[in-house]
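This report refers to the structure that appears directly beneath it.
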Amino acid sequence: MGATYKGRFAPSPTGPLHAGSLVAALASWLDARAHGGSWLVRIEDVDAPRCVPGAAELILRQLATCGLVSDEPVVWQSQRSDRYQQALNPLIEQGHAYPCGCSRKDIEAALQAHGASRERHHIAVYPGTCRPERGGLQGKPARAWRFQLPDLAEVNWTDRRLGPQTQDVATEVGDFILKRADGLWAYQLAVVLDDAAQGITHVVRGEDLTDNTARQILLQRALGLPTPAYLHTPLVLGANGEKLSKQNGAQPLGLSDPLQALNTAAHSLGLPPQTGSVAHALTTWTTLWADTWPA
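In the working numbering, the protein residues as written are 27 to 321.
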């Protein structure tokens with residue numbers, strides 16, 4: 027396992043780490059160490075308008091202060107645009123991707139016309155308006171590129187913590203975006219390509235990303251890429267009961283007492299608090315993690 031295991035932590039530099047993001051960072055690090063593997067850090071800065079200058083460097087300092095340092099050079103998504111394009115081209119040629127001219131307003135109008143509604147906090151299910159078999163763009167300028175779902179778009183997979191999972195991507199998401207109308211690359215394509223390029227075998231991340239997994243598995247299949255093992259960690263909730271986030275009042279992770287910050291994160295993972303040094307705490311938790319979460 028040690029020779030083949032590769033895990034990663036992939037923060038978006040929209041601000042400094044907070045208590046919730048440290049949980050995912052610690053869990054992914056512990057899983058890699060518990061299985062004798064390597065742990066990588068990738069800066070997911072593909073969504074440039076949302077990135078805060080200096081946030082990526084601060085995140086790396088926060089991680090290092092907590093004893094969490096990448097085993098390989100840090101990868102930056104913003105430097106990989108050419109590789110994303112190289113992957114999109116064959117998807118287009120093979121009929122797995124098509125141009126879309128719909129705005130958000132167009133999609134909402136199409137859904138309303140069919141009596142469909144969008145639940146709060148859920149994306150609108152794309153109705154396939156610009157699919158080639160439905161006439162394509164029909165004179166509209168191309169705004170984005172979408173992944174054309176296969177006829178059977180129900181994905182079944184097993185999460186190491188949550189157990190068996192299933193999602194019909196056609197009914198819950200629809201053909202999803204690979205390249206946005208503003209020319210930026212969509213998260214789904216970038217993360218799949220980066221995980222494969224870095225040889226990631228195990229993905230440990232927050233539970234809020236669980237419903238992305240089925241889309242990523244479909245993309246992996248279309249691109250002929252391996253599917254990692256997945257483990258989604260418990261979420262840290264804010265005072266209003268929703269996921270703790272920068273938009274939800276999460277405070278930046280302090281650097282003055284890294285052991286306290288790590289103990290708080292460990293509590294969310296069901297691990298006991300530790301005293302002494304950060305190194306001692308990480309070693310103790312690694313042993314406990316290996317007993318709790320076999321690969």
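C-beta atoms are modelled at their ideal positions from N, C-alpha and C, and glycine is treated no differently.
Quiz item: How long is the line joining the alpha carbons of D73 and T91, rounded to whole angstroms?
Solution: Whole-angstrom Cα-Cα distance: 26 Å.
Self-check item: Segment contact, 8 Å Cβ cut-off, at least three pairs: the region 39 to 49 with the region 219 to 231
Solution: Segments in contact, no.
Practice problem: Report the option in G200, D108 and L48 whose CA atom is closest to the CA atom of L333. | Solution: Since the displayed the chain opens at 27 and closes at 321, residue 333 lies outside it and no answer follows.
Practice problem: Quick one: grab the DSSP three-state call for I226. | Solution: coil
Quiz item: Should G46 be labelled buried (16 or more other beta-carbon atoms within 10 Å of its own) or exposed?
Solution: By the 10 Å Cβ count, G46 comes out buried.
Exercise. Return the Cβ separation of A53 and V230 in integer angstroms, given the expectation that the two are a contact with Cβ distance under 8 Å.
Key: 5 Å
Quiz prompt | Contact the region 88 to 102 vs the region 115 to 126: 3+ CB pairs below 8 Å | solution = no
Quiz item: Can you name, in chain order, every residue of its own chain whose Cβ lies under 7 Å from the Cβ of R241, other than the five neighbours on each side?
Solution: V195, V199, F202 and Q214
Exercise. Since I believe A51 is in contact with A11 (beta carbons under 8 Å), could you give me their beta-carbon distance rounded to a whole number of angstroms?
Key: Outside the displayed range of the chain (27 to 321) lies residue 11, so it cannot be described from this structure.
Self-check item: Collapsed DSSP secondary structure at H122 in the structure displayed
Solution: coil
Quiz prompt | Runs of beta strand (DSSP E) wholly within the region 43 to 96 (minimum 3 residues, chain order) | solution = Listed in chain order, the complete beta strand (DSSP E) runs (minimum 3 residues) inside the region 43 to 96 are 64 to 69.
Practice problem: Please confirm if the region 76 to 96 is in contact with the region 294 to 302, defined as three or more CB-CB distances below 8 Å between the two stretches. | Solution: no
Self-check item: Inter-residue CB distance, G121 and R169 (contact presumed, cutoff 8 Å)
Solution: The pair is not a contact, with the Cβ atoms about 20 Å apart (cut-off 8 Å).
Practice problem: Have a look at the DSSP bridge pairing and note the partners of D194. | Solution: D194 is bridged to E180.
Self-check item: Terminal residues of the alpha helix (DSSP H) in which R247 lies
Solution: T239 to L249
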